[in-house]
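Residue numbers (our numbering): 886 to 1088.
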C-alpha cells in the first residue's frame, strides 16, 4: 500500500493512529516510510484522543487534541508528498490537507514524489540562442578580420583563446534551464564564426 495514493484518511481508533482508504483498507503508519518521530507522535495523539473520549475531558483539551491531529496530518501529507484526509476524531468532520498528487508526478524510490518535469520552452529558448549566436558571430568576425590584416597566426590564436575561455561556461550551463539557451547560442556562434572566416579565406 502507498499512502501517496489519493483517498487516504487519518483516523484514531482504539488508541492507535491508522490510515483508512475505502472499505476495509487500513494501514498502520509504522508500515510506511515515515520518520520514527512522526509515527510515534501519531500514535501518541491517537492515545490522547482515546483518553479524551473516555474521560469526557474539558472542551479545552478537546480543541488541543483536534489541533494536534491537524498538525500531524499536515506533517504526514508533507512526508508522503500527497493529500491526506484528516477526520476530526471528536466532531467527525473530514478535511483534505495537502495538495493532491499530480497525475504526472513520479514516485521517488525513497518515498515522496519527484516533481513533474516542465515542458521545454523551445520557442523562447531558440530565440535567445539565435540572438546570442548572432552577437558572438558578429563580434568574432569583426575582431578576427581586423587581426587577420595584422597577422593570420594572431587571429587564429585569438579565436582559439575565445573558444577555450567560453568552453567551461558552455559545459556548465548546458543543463541549467535558462542559461542553457545562452550556452547553445554561444557555442553555435563560435562555430558559425569559424565557418564564415574559413569561407572568407577560401574566397
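Using N, Cα and C, we set each Cβ at its ideal position, and we do this for glycine too. Given the structure is predicted, the values throughout are model-derived calculations rather than measurements.
Contact under 8 Å by Cβ, residue i with residue j
i	j	result
residue 936	residue 897	no
residue 926	residue 975	no
residue 1032	residue 1047	no
residue 1043	residue 1028	yes
residue 954	residue 973	yes
Top-ranked residue by Cα proximity to residue i, from the options
i	options	result
residue 1015	982, 1041, 1065, 1038	1065
residue 1055	1069, 948, 1011, 924	1069
residue 934	903, 917, 921	903
residue 916	951, 950, 965, 954	965
residue 1004	953, 1062, 1019	1062
residue 912	899, 893, 920	893
residue 938	1059, 977, 1009	977
residue 1007	1020, 1067, 1034, 1040	1067
residue 1086	1052, 1057, 1037, 1020	1037
Cβ distance (whole Å) where residue i is taken to contact residue j below 8 Å
i	j	result
residue 895	residue 970	7 Å
residue 1071	residue 1012	Contact doesn't hold; Cβ gap of about 15 Å is too wide.
Cβ-based neighbour list, residue i, same chain, cut-off 8 Å, excluding 5 preceding and 5 following
i	result
residue 1022	1074, 1077, 1078, 1081
residue 994	The pLDDT assigned to residue 994 is 44, lower than 50, so where the model puts this residue is not dependable; a value taken from the coordinates is nonetheless given after this. Around residue 994: no qualifying Cβ.
residue 997	Note that residue 997 scores a pLDDT of 47, beneath 50, so its modelled location is shaky; the value from the coordinates is reported in the next line. Answer for residue 997: 889, 964, 965, 966, listed in chain order.
residue 1050	none
residue 1059	1065, 1068, 1069
residue 951	973, 974, 975, 976
Strand pairing of residue i, partner residues [DSSP]
i	result
residue 918	DSSP, once it has assigned bridges, lists no residue as partnering residue 918.
residue 972	979
residue 898	901
residue 911	905
Nonlocal neighbours in the same chain, by C-beta distance under 7 Å from residue i, ignoring five residues either side
i	result
residue 928	901, 902
residue 924	914, 915
residue 962	968, 969, 982, 983
residue 960	923
residue 1030	none
Chain-order list of residues whose beta-carbon lies under 6 Å from that of residue i (same chain, five-residue window excluded)
i	result
residue 1084	none
residue 1010	1066
residue 1039	1032
residue 899	none
Any non-hydrogen atom of the ligand GTP within 7 Å of residue i CB
i	result
residue 1045	With respect to the ligand GTP, the structure shown offers nothing to examine, as it has no ligands at all.
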